[in-house]
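Going by the UniProt record's numbering, the first residue of the sequence shown is number 1, and it counts up by one from there.
Virtual Cβ for every residue (Gly too), placed ideally from N, Cα, C.
Here the structure is a predicted model, which is why all the values come from computation and not from measurement.
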Amino acid sequence: MAHSRQDAEIQAVKNGLYSNQWNDLTKGYKIFQDELCFYQDILLRGTKIVMPQKLRDPTLRIAHEGHPGICAMKTRLRTKVWWPKCDRDAENFCKACKSCVLVSTPNPPNPMKRRELPSEPWVDTAVDLMGPLPSNDYIFVIVDYYSRYKEVKVCRTITSSEIINQLKDIFSRLGNPVSITADNGRQFTSEDFKLFCSERNIKLYNTKLYWPQQNGEVERQNRDILKRLKIAQAEKKNWKESLREYMAAIQRQLPMIQDMTYSSEDSEMRDRDKELKEKGKEYADRKRRAVESELNIGEKVYVKSMHKSNKLSLNYEPISHTVESNKNGDVELRNDNTGQVVRRNILHLKRVEGQWKVDNGTEDIDAEHSNKSETDSD
Numbered sequence: 001m002a003h004s005r006q007d008a009e010i011q012a013v014k015n016g017l018y019s020n021q022w023n024d025l026t027k028g029y030k031i032f033q034d035e036l037c038f039y040q041d042i043l044l045r046g047t048k049i050v051m052p053q054k055l056r057d058p059t060l061r062i063a064h065e066g067h068p069g070i071c072a073m074k075t076r077l078r079t080k081v082w083w084p085k086c087d088r089d090a091e092n093f094c095k096a097c098k099s100c101v102l103v104s105t106p107n108p109p110n111p112m113k114r115r116e117l118p119s120e121p122w123v124d125t126a127v128d129l130m131g132p133l134p135s136n137d138y139i140f141v142i143v144d145y146y147s148r149y150k151e152v153k154v155c156r157t158i159t160s161s162e163i164i165n166q167l168k169d170i171f172s173r174l175g176n177p178v179s180i181t182a183d184n185g186r187q188f189t190s191e192d193f194k195l196f197c198s199e200r201n202i203k204l205y206n207t208k209l210y211w212p213q214q215n216g217e218v219e220r221q222n223r224d225i226l227k228r229l230k231i232a233q234a235e236k237k238n239w240k241e242s243l244r245e246y247m248a249a250i251q252r253q254l255p256m257i258q259d260m261t262y263s264s265e266d267s268e269m270r271d272r273d274k275e276l277k278e279k280g281k282e283y284a285d286r287k288r289r290a291v292e293s294e295l296n297i298g299e300k301v302y303v304k305s306m307h308k309s310n311k312l313s314l315n316y317e318p319i320s321h322t323v324e325s326n327k328n329g330d331v332e333l334r335n336d337n338t339g340q341v342v343r344r345n346i347l348h349l350k351r352v353e354g355q356w357k358v359d360n361g362t363e364d365i366d367a368e369h370s371n372k373s374e375t376d377s378d
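What follows is the structure, given as structure tokens:
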């Protein structure tokens, strides 16, 4: 009762109810004036207590005991208490709860961005490694993004020098491409490999960690190759011989790069490529329930835990990171404790909602980092 008597907002409501004089403090109350009444200086909306401003924060903390979700917390509050923007305050409280964020499910992915078809063959290529196989061999794959032509090499080792030697052999026959896309394996991030690409004026693009979809073309080719190897295993055939037969069949049916006659007006193939990619994008976005999400430079995020030791491990690491750059969902982050810079897909990040305060008719959020997901549900 004492808090209600001292609360300027509630006293203004009292004046509005009894004298029909409403001011800016009571904007959120006037539309409910037929439901409001006083009982021994306590303002009620129906049977629910209207909480004074000083008691709203403690009320939210009590309602969040046990860490219920947003809907459950709103239900807890609605049955007993009310104040303007109560639902929004409950939502923001849940979003700012670090413990809830660290065990929450990932955000929906961003809509897919399809790669444009290169201008001609052997411009953009992708490389990857498969293995180890049961024989302790590895398979090195390079794919042309224009023609889907691929070359496959069996390797006993996967050092940078071995990969470089394999590429030298391929490039001696087909020429140097303009770009190579590779994952973050040590072979492809080493100084030797970077120097090899630099000397040949080849642009090297390394995909984000834990995001093989960024190198999707070579991943699809890997699936085809792996399928043939499994068939050879099932038929008890020599897998190396089966792999050679598979590659020979492709090269008999499809022209080699140097034999292809390329037309700059190859519009029919380009139209077909765009149609297929657009259909694939629409299907994938619908299936994954993709939603466009953004992170601004300077915002704080938690990074998804990729190596869980047990069922109770957190979904996100408790150390916050600062967004250094964001290029179409490819986010560069700086660890706030160590200063280490990492790259992650935006799907693997959760925004730190920052400090907040209960809405008292001024600002909705008093955050170090903007809360972009506010709603006006009351």
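- Between N296 and K113, the CB-CB gap reaches or exceeds 7 Å.
- When secondary structure is reduced to three states using DSSP, I297 falls in the coil class, being assigned neither helix nor strand.
- Residue range 341–345 is occupied by the beta strand (DSSP E) that includes N345.
- At the C-beta level, Y316 and L102 come within 7 Å of one another.
- DSSP places T59 inside the alpha helix (DSSP H), whose first and last residues are 53–63.
- For N92, there is no enclosing beta strand (DSSP E); the residue is found in the alpha helix (DSSP H) stretching over 86–96.
- Burial is judged here by how many other beta carbons sit within 10 angstroms of a residue's own beta carbon; C94 has at least 16 and is buried.
- Taking every protein chain shown into account, the CB of Y145 has 16 or more other CB atoms within 10 angstroms, so this residue is buried.
- In the DSSP assignment, N206 forms a beta bridge with A182.
- In this structure, R344 sits near V331, with a CB-CB distance shorter than 7 Å.
- Looking at the DSSP output, E317 sits in no beta bridge, so it has no partner there.
- Sixteen is the threshold: since fewer than 16 other Cβ atoms of the shown chains lie within 10 Å of the Cβ of L276, the residue is exposed.
- Taking the Cα of P121 as reference, the smallest distance to any Cα among T157, H64, S179, Q166 is reached at S179.
- Per DSSP, the beta bridge partners of S325 are E332.
- A residue is called buried when at least 16 other Cβ atoms come within 10 angstroms of its Cβ; R88 meets this threshold and is buried.
- Distance between A90 and E282, taken at the CA atoms: about 35 Å.
- Of the candidates L312, A96, R5, C37, the residue whose Cα lies closest to the Cα of L60 is A96.
- Proximity to K287 across P108, D137, L129, P134 peaks at P108, based on C-alpha coordinates.
- Note on V127: 16 or more other CB atoms within 10 angstroms of its CB, so buried under the neighbour-count rule.
- Selection D7, T26, A8 evaluated against G16 yields T26 as nearest (Cα-Cα).
- Contact check for V323 against E294 fails: the beta carbons are separated by 7 Å or more.
- Of the candidates I42, Q40, E9, E9 places its Cα closest to the Cα of K30.
- Closest in alpha carbon position to N206, among G185, A2, I62, E191, is G185.
- Apart from sequence neighbours up to five positions away, the residues of its chain that approach V154 with a beta-carbon distance below 7 Å are D137, I139, K240, ordered along the chain.
- By the criterion of a C-beta distance shorter than 6 Å, G28 is surrounded in its chain by P84, once the five residues flanking it on both sides are discounted.
- In the same chain as K14, and ignoring 5 residues on each side of it, the C-beta atoms closer than 8 Å to its own belong to F38, L43, in chain order.
- Of the candidates P177, Q21, I142, L349, the residue whose Cα lies closest to the Cα of Q166 is I142.
- Comparing alpha carbon positions, the residue from S4, K304, M130, N310 closest to P318 is K304.
- Partner residues in the beta bridge of M130, as assigned by DSSP, are I139.
- Classified as buried, H321 has 16 or more neighbouring CB atoms from the shown chains inside 10 Å of its CB.
- When DSSP states are grouped into helix, strand and coil, E116 belongs to the coil group.
- Comparing alpha-carbon positions, the option among Q33, L129, D34, M51 lying closest to D41 turns out to be M51.
- By alpha-carbon distance to L312, the top candidate from S104, K54, D169, Q11 is S104.
- For R45, the closest of R76, V218, K80 by C-alpha to C-alpha distance is K80.
- Bounds of the alpha helix (DSSP H) holding I231 are 216–234.
- For Y18, no pairing in a beta bridge is given by DSSP.
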